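**Student:** In this note's numbering, the protein residues as written are 1044 to 1316. Backbone N, C-alpha and C fix where the C-beta goes; we use that ideal spot for every residue, glycine too. No experiment lies behind these values; they were computed from the predicted model shown.
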């Protein structure tokens, strides 16, 4: 397959919608068609070659590798319905990265804005800095959040983390904001620290692990210390991704169930006070 390098010819000063970039995921995609992919810049339709300098090399993989360079927060919808290929972004980008992503990998060296991984269905998303609101959540007007795949955020996340999430794995290396994990339907969420208010309201099922001490409301009931075997299996997998341990040997986790107000059966693991 190919290595495709995309570097902007101009400074992007307005909204650049790259939703159609996922056309390169098709194994039968004609490289000559790459230049003619339609993008929206400041609400005007452009060919990809009008915005980017394009360089193509062969690789030895059975998938394409796309390298997007000189990005900023005006770049939106990167990785929309992405599948199979690997996308590398070398800086910050805007909202809607990896929305409805199906497979493949997206690696962001900078920060992203809102709705990253929203309604994601599969694949792997790594964000090396921070993320905005509604990470791995439902899109505006919808009721189904992330439905598969894995999201790793090494920095902080703003409000509404994993809102209405249904399946998948989300790891947050920093802190999360207000309304984290509200209306969680299922899936696994690991958060280093909760800094906001109204955490885990109306969760139905799923597993949330908080790597710090938290105070839960009365609609959660403490059950027992957690299973070390379960946490060890999870940590071993996370360690293969991050190349470091996330649980310390002295950590003792408590397990709580709730939200009782909605007859929820979600479980929350947090450090024992």
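#1: Relative to the alpha-carbon of residue 1312, which residue among 1286, 1266, 1276, 1293 has its alpha-carbon at the smallest distance?
#2: Which parts of the segment 1114-1167 are runs of the beta strand (DSSP E), unbroken and 3 residues or longer, counting only runs that do not cross its ends?
#3: Please state whether the Cβ-Cβ distance between residue 1219 and residue 1234 is less than 8 Å.
#4: Just to confirm before moving on: does the CB-CB distance between residue 1061 and residue 1118 stay below 8 Å?
#5: Under 8 Å between the Cβ atoms of residue 1146 and residue 1166?
#6: Once DSSP output is grouped into helix, strand and coil, what is the label at residue 1280?
#7: Cutting at 6 Å between CB atoms, please list the residues of its own chain near residue 1120, excluding the five before and the five after it.
#8: So, helix, strand or coil for residue 1303, using DSSP?
#9: Out of 1227, 1200, 1314, 1099, state which residue places its alpha-carbon closest to the alpha-carbon of residue 1157.
#10: Taking only the alpha-carbon atoms, compute the straight-line gap between residue 1153 and residue 1053 and give it to the nearest angstrom.
#11: Could you check the C-alpha separation between residue 1094 and residue 1182 for me, to the nearest Å?
#12: Write down the C-beta distance between residue 1236 and residue 1309 rounded to the nearest angstrom, noting that I regard them as a contact closer than 8 Å.
#13: According to DSSP, which residues form a beta bridge with residue 1045?
#14: Going by C-alpha distance, which of 1131, 1127, 1169, 1159 is nearest residue 1142?
**Tutor:** Well, looking at it:
#1: 1266
#2: 1129-1132, 1148-1151
#3: yes
#4: yes
#5: yes
#6: helix
#7: 1060, 1061, 1062, 1139
#8: helix
#9: 1200
#10: 20 Å
#11: 28 Å
#12: So it is not a contact: roughly 19 Å between Cβ atoms.
#13: 1101
#14: 1159
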